[in-house]
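No gaps in the numbering here: position 337 of the sequence shown is 337 in the UniProt record's numbering, and each next residue is one more. Working notes, structure below.
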Amino acid sequence: MDSKNHRIRDYKHRGKDSDEIRRRRNELNISLRKNKREEAIKIKRNLVDENGMSEESEEDAQKRRPNLDEIAEKAKSSDLQIRFEAIRSARKMLSIDRNPPIDDLIRFDLLPNLVDCLLLDTYPDLQFEAAWALTNIASGSSNQTKAVVDANAVPHLLRLLYSKQPNVCEQAVWALGNIIGDGPVLRDYAIELGVVHPLVHFIQQDIPVSFLRNVTWVIVNLCRHKEPPPPVKAVQEILPALNYLISYTDITILVDTVWALAYLLDGGNLQIQLVVDSGVVPMIVKLLDHSEVKIVTAALRAVGNIVTGTDEQTQIVLNNGALSYFPKLLKHEKDKINKEAVWFLSNITAGNQQQVQCVIEADLIPEVIRHLQHRI
1 MDSKNHRIRD YKHRGKDSDE IRRRRNELNI SLRKNKREEA IKIKRNLVDE
51 NGMSEESEED AQKRRPNLDE IAEKAKSSDL QIRFEAIRSA RKMLSIDRNP
101 PIDDLIRFDL LPNLVDCLLL DTYPDLQFEA AWALTNIASG SSNQTKAVVD
151 ANAVPHLLRL LYSKQPNVCE QAVWALGNII GDGPVLRDYA IELGVVHPLV
201 HFIQQDIPVS FLRNVTWVIV NLCRHKEPPP PVKAVQEILP ALNYLISYTD
251 ITILVDTVWA LAYLLDGGNL QIQLVVDSGV VPMIVKLLDH SEVKIVTAAL
301 RAVGNIVTGT DEQTQIVLNN GALSYFPKLL KHEKDKINKE AVWFLSNITA
351 GNQQQVQCVI EADLIPEVIR HLQHRI
């Protein structure tokens, strides 16, 4: 009986579709990786005022906070200078490092006034302060982000992407990034309102690197979430931008770009094919040999997601010489890279006979066995 059970275990995958085997293995690995996001990109970002109250104790900050009733009243003033001072006071309160009073400002009905200030093209300093305040409110909880959306901020922030004032434009990008990062519902809402076109248009313009970093981070948020994944049309519009950005030498931009691709490649076979068809796979594979660990980690995740797809999609990765990088990856000093490398190879060996043979001929099995013996 034991011998029979052993044979059954040996042949349990025989006759099963290799794509199905990969799918099951991928589902198992997703749960293992969800709690290990130290290498991934922060979804929401608030902007702390380095010249403000961030170094104060919370008690001192509380003492210095202006009366919210007074701020709320002045924020409605027809005198734009008075309104500016009120909005700036509110923004400073939201720019402290710890426990900014987001709910208090929402409760005092500041949001409609902040959104109204976005319309004042003749007063860009006021637009900037209002956009900054909205950025930090949207960096909070989902309910706080939703409050910004419910105040109809998104259409007005989108309009500011065309502002001739670079600081206003960049702050609107940041605010939209926080809103989009909240989840697929708000992501798709922003996409429906037309956020993708102006974002990708920024990329080939002569803008400061700091601005381009923010734009790239927002694109990462557009590519996040696979339940559901972003609309196909949006992905098709984003991919040429990612193809352009993957040639950048700036580490922050490059890391974000590769993570954006990794997120797209985690969205199922259709999205994998869209990325493959864009022609970016050879560039991703080459980044497996990058000197920066963060880039190697993102690139390894990206190619690992491709090989959860069909045999044909997996073959594209193999055709680009991916296995040649794995002797080094399997011996990398970072355990997380070793683990991802073994996961990648496990999906290759769930493929067809020729793909399994490629792994054998690359002499990678002994190193995999060594890791398994050490309970990687």
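By construction, the Cβ of each residue, glycine as well, lies at the ideal position given by its N, Cα and C atoms. Source: prediction; values computed, not measured.
Asked	Found
Contacts around K36, its chain only, beta-carbon distance under 6 Å, and the 5 residues preceding and following it disregarded	Residue placement at K36 is poorly supported in this model, since its pLDDT is 38, which falls under 50; the coordinates still yield a value, given next. For K36, where only same-chain residues beyond five positions count, there are no Cβ hits under 6 Å.
Short Cβ contact (9 Å threshold) for L176 with L158	yes
Nearest-angstrom Cβ-Cβ length linking F344 and L300, presumed shorter than 8 Å	7 Å
Host alpha helix (DSSP H) of residue 457 (start-end)	Because the chain spans 1 through 376 in this model, residue 457 falls outside it and cannot be assessed.
At least 3 beta-carbon pairs within less than 8 Å: the stretch 352-372 vs the stretch 297-316	yes
Cα-Cα separation, S163 to C169	6 Å
Given 8 Å, three or more beta-carbon pairs between the stretch 98-109 and the stretch 135-151	yes
Rounded Cβ spacing between G304 and E340 (contact assumed at less than 8 Å)	6 Å
Sub-9 Å separation of G194 and P230 beta-carbons	no
Collapsed DSSP secondary structure at residue 453 in the structure displayed	Since the displayed the chain opens at 1 and closes at 376, residue 453 lies outside it and no answer follows.
Alpha helix (DSSP H) runs wholly inside the stretch 142-175, at least 4 long, in chain order	142-150 and 153-160
Residues near L111 by beta carbon distance below 7 Å, same chain, minus five either side	A147, V148 and A151
Cβ separation of L80 and L126, assumed to be a contact under 8 Å, to the nearest whole Å	7 Å
As assigned by DSSP and simplified to three states, the class of A234	helix
Spatially closest choice to S77 from H156, D116 and A133, by CA coordinates	D116
Distance CB(N178)-CB(K44) smaller than 9 Å	yes
Rounded C-alpha distance that separates residue 377 from L270	Nothing can be reported for residue 377, as the shown portion of the chain is limited to 1 through 376.
Backbone CA spacing between G52 and E129 [nearest angstrom]	Only weak support exists for where G52 lies, its pLDDT of 49 falling under 50; the value from the coordinates is given anyway. For G52 and E129, the distance between alpha carbons rounds to 14 Å.
C-beta contact flag for V200 and I238 at 9 Å	yes
Chain-order list of residues whose beta-carbon lies under 8 Å from that of I180 (same chain, five-residue window excluded)	L186, R187, A190, V195, V218, N221 and L222
The alpha helix (DSSP H) enclosing H371, as first and last residue numbers	I365 to Q373
CA-to-CA distance, E367 to residue 378, given in whole angstroms	Nothing in the structure corresponds to residue 378, since the chain is present only between 1 and 376.
Exposure of S31, with buried meaning 16 or more beta-carbon neighbours within 10 Å	Any answer about S31 is weak, because its pLDDT of 37 lies below 50 and its placement is not dependable; what the coordinates show is given next. Under this definition S31 is an exposed residue.
Supposed close pair M283, I246 - CB separation, criterion 8 Å	5 Å
Spatial distance of C358 from D182 (CA atoms)	42 Å
Under the three-state DSSP convention, the category E340 falls into	helix
Contact check, V215 vs V258, beta carbons under 9 Å	no
CA-to-CA distance, K226 to T135, given in whole angstroms	25 Å
Spatially closest choice to Q171 from H197, A138 and L323, by CA coordinates	A138
Beta-carbon gap between L261 and A302 smaller than 9 Å	yes
Option in I253, I203, S278 and P228 with minimal Cα separation from Q236	S278
Cut-off 7 Å between Cβ atoms - residues of its own chain near G140, not counting five sequence neighbours on either side	I102
Local conformation of I137 per DSSP, three classes	helix
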